[in-house]
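Below: the structure, in structure tokens.
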Amino acid sequence: MKFLWDSAAGLLVVTGGLLGLTLPFGKLATAAGVPAMAWAFVISLGAGGVLLLALLLKGQRVRLTVRNLRYFFITAAVSYAFPNLLMFSAIPHLGAGYTGIMFTLSPVVTLVFSILLGVRRPNLLGVAGIAVGFIGAVMVAVTRGEAGQPADFFWVAVGLLIPVSLAAGNIYRTVDWPEGTGPIELAVGSHLASATLLLAGIVALLGKSAFVPLSGVPLVVAGQVASASAMFAFFFRLQAVGGPVYLSQIGYVAAAVGLFAGTILLGEQYQLLTWAGAVIITIGVFITTRAQNQTSAKMRSQAA
0 MKFLWDSAAG LLVVTGGLLG LTLPFGKLAT AAGVPAMAWA FVISLGAGGV LLLALLLKGQ
60 RVRLTVRNLR YFFITAAVSY AFPNLLMFSA IPHLGAGYTG IMFTLSPVVT LVFSILLGVR
120 RPNLLGVAGI AVGFIGAVMV AVTRGEAGQP ADFFWVAVGL LIPVSLAAGN IYRTVDWPEG
180 TGPIELAVGS HLASATLLLA GIVALLGKSA FVPLSGVPLV VAGQVASASA MFAFFFRLQA
240 VGGPVYLSQI GYVAAAVGLF AGTILLGEQY QLLTWAGAVI ITIGVFITTR AQNQTSAKMR
300 SQAA
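In this text, residue positions in the sequence shown follow numbering that gives the first Met the number 0: the first is 0, and each later residue adds one.
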């Protein structure tokens, strides 16, 4: 376990795999009538509650300083509440596998944000990777979900907002990470803040009846809470070990799990163009990652 905790590659595979399970769980829940906002609340409350218990059993606590609270609530809104709401709203219209492909765009969008904010300067290879990823995204977008069941472009746009929100969260969490605060503490605070925001939205917009359908899918709820709790424990550790752009590559693993679960377990079918677009997005991300590595090596050389 210590080896995994210190291995960026191992953390990437585990975190991405657990994230990918959210897609089929989400489809099963929404198909049973659970509102998207309520399911997002289940994830945040379940993960935050389990991790809080683990933190307390270790004799640690969540420090509620002004600095930490700011981080908790901004991270909650940008990284969890908003993208989860988008994801679970889109899955019934686009399919779990198609929605999972949207995760693969996160590294490209993260690099774009890094360039725009001056966190990382672009080079020719990085620009090429972004262009290739964009072409793949267009190919996926025009297929509009499952084969024979094209969704409205509105839902495609909702799906495309997922990687934008995730990328913004990747950059923010790195730039504003509270000094001296561990990954589990940040995961607990951010998820409980997300649950607070989502509960307020549910009470204001949906009422208590939004929670009624949860009683019909107890095993799905248990599976989702367990996988989400484990995933977010590794998630913040990966952020610390690998950095924001490397972290964003969990989308590859998540998309693979989502596509496998969607096609094999949930009976979803996708056009050849969708699969081709997903491959091209992956190629684009590999190019941007190579560009990132080149830039990092150059910076280390200059520093030396």
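Beta carbons are placed, not taken as given, at the ideal position from N, Cα and C, and that holds for glycine. Small disclaimer: the values here were computed from a predicted structure and weren't measured.
In this chain, the alpha helix (DSSP H) harbouring Val252 covers Ile249 to Phe259. Contact between Pro212 and Ala31 holds, with the beta-carbon distance rounding to 6 Å and staying under 8 Å. Going by C-alpha positions, Leu237 is about 6 Å away from Leu10. For Asp5, the closest C-alpha among the options Ala166, Trp176 and Ala239 is that of Ala239.
The C-alpha of Thr195 lies about 43 Å from the C-alpha of Leu123.
Taken in chain order, the whole alpha helix (DSSP H) runs of length 4 or more contained in the stretch 52–103 are 65–74, 81–93 and 95–100. Comparing C-alpha distances from Leu104 to each of Arg289, Val141 and Ile279 shows the shortest one belongs to Ile279. When only Cα atoms are considered, Met86 and Val65 end up about 30 Å apart. Minimum Cα-Cα distance from Val219 among the listed residues Tyr70, Leu50, Ile201 and Phe24 corresponds to Phe24. Taking the Cα positions, Met36 is about 22 Å away from Gly15. Nearest Cα to Gly19 within the set Gly215, Gly96 and Ile286: Gly96. Closest in alpha carbon position to Glu184, among Phe71, Ala28 and Val13, is Phe71. Within the same chain, and ignoring the five residues on either side of Met230 in sequence, the residues whose Cβ sits closer than 7 Å to its Cβ are Thr14, Leu17 and Leu18.
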